[in-house]
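A.B. asks: Below you'll find the structure I mean.
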Amino acid sequence: MALRLYDTKTAAIRDFEPLQPGQVSLYYCGATVQGAPHVGHIRSGVVFDILTRWLEYTGYRVTSVRNVTDVDDKILQKAAASYAPGFEPSEDYPAEEPWFALAYRFEQVFNAAYGAVGVSRPTYEPRATGHITEMHALIQRLIDAGHAYPATDDSGDVYFDVRSWQRYGELTHQSVEDMQDAPDADPRGKRDRRDFALWKGDKPDDPTTAAWDSPWGRGRPGWHLECSAMSTKYLGSTFDIHGGGLDLRFPHHENELAQSAAAGDGFARFWLHNGMVTYEGEKMSKSIGNIITPEEMHAVARPVAVRYYLGQAHYRSQLDYKPGSLPEAEAAVERIENFLNRAGADYEYTAAEVMPDAFVAAMNDDLNVPAALAVLHETVRTGNSALDAGDDDAAVRHAAAVQAMITVLGLEELRAAEPAGAAAAEEALANLVQQQLDARAEAKAAKDFDTADALRSRLAAAGIEVEDTPQGATWSLTKGGV
RNA sequence: GGUGGGGUGGCCGAAUGGCGAGGCAACGGCCUGCAAAGCCGUGUACGCGGGUUCGAUUCCCGUCCCCACCUCCA
């Protein structure tokens with residue numbers, strides 16, 4: 001069964017066939033680097049990372065591009081505020097920080113947060129500020145085609161002419177007439193209130209570093225323009241998949257589509273949108289203040305559990321965060337981990353040999369990760385049964401299958417969770433623990449259970465968990481701290 | 001007002017016109033000196049009202065409620 005994906009534009013699940021056989025071009029919206037990421041941003045990264053991994057497993061060569069919007073009104077506002085009298089510096093926002101320093105700093109914070117949960121770096125991460133030339137070319141094409149115009153006032157803005165583009169609204173299935181008027185929208189020199197800025201004229205107070213010369217005067221790019229310019233530059237005028245959060249459908253993606261299509265580009269063939277992360281039913285967002293940061297999650301669960309949690313729901317579903325969510329994910333992850341550690345790693349199966357058909361079918365069905373996880377857990381259970389029955393061949397084969405599945409889901413670090421290590425300190429620790437375990441084994445052999453239990457308690461107090469198995473006692477560091 | 005997505009057992013979360021995905025939690029059993037891990041088993045789930053049907057959680061109509069977007073948003 002071939003891959004099928006839900007496309008927002010056609011509002012239907014369609015067979016996915018790339019433009020070029022064997023190759024997939026994927027563009028997905030990254031961050032406007034005006035602040036630290038929250039969990040919602042990271043979910044989006046995980047979703048498109050899983051998509052990329054699945055496409056690659058399926059045999060495609062994937063070119064993925066995720067933009068960095070490193071100049072916009074909010075970035076400039078925050079930087080400007082840091083120079084204002086009475087500004088109170090905080091951990092996130094120090095005093096007197098130029099806009100480009102702020103943007104670059106948060107770009108790195110974002111990358112660290114993505115990396116912490118195993119989101120692979122895209123093929124390329126272009127920055128808006130590095131593509132002003134391409135944006136100018138696109139604006140010129142739109143003006144030439146009669147779909148953009150310089151502002152009628154002297155602002156130096158250039159707007160997209162929504163009324164000139166019949167298809168405007170096609171992505172989100174809205175007609176311009178039915179759209180609610182934005183009462184706070186500044187009509188400025190617009191022909192229609194819904195016209196949006198392609199280019200924003202320089203204002204007297206703007207930093208000189210945040211303005212570029214253009215045929216329409218000095219200024220900076222409008223928000224939506226960079227994605228059109230950069231996606232088509234690196235992926236072609238028509239490319240396979242455009243992704244992003246559900247909240248980007250309108251206006252961001254609608255406007256991107258309008259710009260590119262009106263300029264004559266085919267643009268994205270599939271539009272994928274991931275669901276929001278909510279907290280007690282409400283969308284996580286800075287303005288509401290119900291943010292959970294990646295740091296807060298990492299404080300209560302290991303990265304692999306955080307990743308499991310963020311990826312476990314279907315990507316189009318809303319994901320509601322609750323205090324118990326992460327411990328639950330941790331428990332599920334440990335179950336998988338325990339099986340892999342029991343089964344050992346002595347197998348040489350290729351992923352294709354052992355990947356369960358049901359897993360493939362689930363992933364091909366619009367990335368049905370919940371169903372895929374069901375297959376994963378069934379495999380763990382069957383593998384555990386095989387171990388209990390002494391059928392090591394079957395167990396090893398199941399372990400290989402689990403390994404193949406968790407690699408696709410980006411949970412492969414589960415495999416490396418064993419306590420033994422090459423580092424000298426770990427070796428020394430292993431020696432000490434083993435001495436304790438030997439002493440305990442002697443006590444147990446002598447039926448001196450008080451001593452045996454005391455030894456186990458002392459290890460537990462030191463953060464070391466002991467488990468008895470038919471092959472003797474094993475130990476591990478207590479998960480998630482003591 | 002417009003557009004889109006939902007309401008599933010104690011919780012999370014899928015599929016499906018007919019045999020109750022999967023995980024977490026709970027309970028019972030096996031195993032174990034005990035524990036842990038593991039295995040087996042248990043639970044009268046589909047917002048409400050109609051309709052179609054031999055049969056509806058699933059399809060249709062109505063209705064209530066929730067969420068997202070309508071120019072800051074992952």
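As numbered in our numbering, residues 1 to 482 make up the first sequence, in order.
Glycine included, every Cβ here is placed at the ideal spot set by N, Cα and C.
(1) Go through its chain and collect everything with a Cβ distance to residue 405's Cβ below 8 Å, but skip five positions before and after it.
(2) Specify, as a first and last residue, the run of the beta strand (DSSP E) that residue 68 falls within.
(3) By DSSP, does residue 194 sit in helix, in strand, or in coil?
(4) Where residue 362 and residue 411 are concerned, what is the direct C-alpha to C-alpha distance, given to the nearest angstrom?
(5) With a threshold of 6 Å on Cβ separation, who are the neighbours of residue 57 within its own chain once the five nearest residues in sequence on each side are excluded?
(6) Going by Cα to Cα distance, which pick from 370, 30 and 91 is closest to residue 230?
(7) Please report the straight-line C-alpha distance between residue 314 and residue 328, rounded to a whole angstrom.
(8) Please report the straight-line C-alpha distance between residue 66 and residue 41, rounded to a whole angstrom.
(9) Per DSSP, what are the beta-bridge partners of residue 275 in this structure?
(10) Among all the DSSP beta bridges, which residues are the ones paired with residue 25?
(11) So residue 72 and residue 223 are supposed to be a Cβ contact under 8 Å. How far apart are they, rounded?
(12) Taking just the CA atoms, how far does residue 24 sit from residue 43?
(13) Please state whether DSSP places residue 238 in a helix, a strand or coil.
(14) Using DSSP's beta-bridge definition, name the partner residues of residue 200.
(15) Measuring straight from C-alpha to C-alpha, what distance separates residue 335 and residue 436?
(16) On the three-state DSSP scale, how would you describe residue 270?
(17) Strictly by DSSP, which residues pair up with residue 488?
(18) Assuming residue 251 contacts residue 117 (C-beta within less than 8 Å), just tell me the rounded distance between them.
(19) Would the beta-carbon of residue 264 fall within 8 Å of that of residue 253?
(20) Tell me whether residue 5 sits in a helix, a strand or coil according to DSSP, three-state version.
(21) If you check the beta carbons only, do residue 128 and residue 207 fall under 8 Å apart?
(22) How is residue 416 classed by DSSP in three states: helix, strand or coil?
(23) What are the residues that DSSP puts in a beta bridge with residue 127?
(24) How is residue 146 classed by DSSP in three states: helix, strand or coil?
(25) What residue from 142, 148, 199 and 94 has the CA that sits closest to residue 157's CA?
(26) Enumerate in chain order the residues of its own chain whose CB-to-CB distance from residue 139 is below 7 Å, with the five nearest sequence positions on each side excluded.
(27) Cβ atoms of residue 75 and residue 99: under 8 Å apart, would you say?
(28) Who are the near neighbours of residue 326 in its chain, counting only those whose CB is closer than 8 Å to its CB and skipping five residues on each side?
(29) Under a three-way DSSP split, which group does residue 165 fall into?
(30) Ends of the beta strand (DSSP E) at residue 249?
(31) Going by the beta-carbon positions, is the gap between residue 6 and residue 126 smaller than 8 Å?
(32) What residues match up with residue 171 in a beta bridge as DSSP calls it?
(33) Counting only the same chain and skipping the five closest in sequence on each side, list residues whose C-beta sits under 6 Å from that of residue 485.
(34) If we count the other Cβ atoms within 10 Å of its Cβ and call it buried at 16 or more, is residue 10 buried or exposed?
(35) What did DSSP end up calling residue 348 once you bin it into helix, strand or coil?
(36) Check for me: the beta strand (DSSP E) holding residue 12 runs from which residue to which?
C.D. replies: Result, derived from the coordinates:
(1) 355, 356, 359, 372, 375, 376 and 379
(2) Element bounds for residue 68: n/a, residue is neither H nor E.
(3) coil
(4) 17 Å
(5) 408
(6) 30
(7) 17 Å
(8) 12 Å
(9) Answer by DSSP bridge pairing: none, since residue 275 is not bridged.
(10) 63
(11) 6 Å
(12) 22 Å
(13) strand
(14) 220
(15) 26 Å
(16) strand
(17) The shown model of the chain, from 1 to 482, leaves out residue 488, and the question about it has no answer.
(18) Actually they are not in contact, since the Cβ atoms of residue 251 and residue 117 sit about 29 Å apart, beyond 8 Å.
(19) no
(20) strand
(21) no
(22) In this predicted model, residue 416 has a pLDDT of only 45, less than 50, meaning its place in the structure is not dependable; the value taken from the coordinates is given anyway. Here residue 416 sits in helix by DSSP.
(23) 68
(24) coil
(25) 199
(26) 148, 158, 198 and 199
(27) yes
(28) 297, 300, 301, 305, 306 and 309
(29) coil
(30) Run containing residue 249: none; DSSP gives neither H nor E here.
(31) no
(32) Looking at the DSSP assignment, residue 171 forms no beta bridge with any residue, so it has no partner.
(33) The displayed coordinates of the chain run from 1 to 482. Any statement about residue 485 would go beyond what the structure contains.
(34) exposed
(35) coil
(36) 12-15
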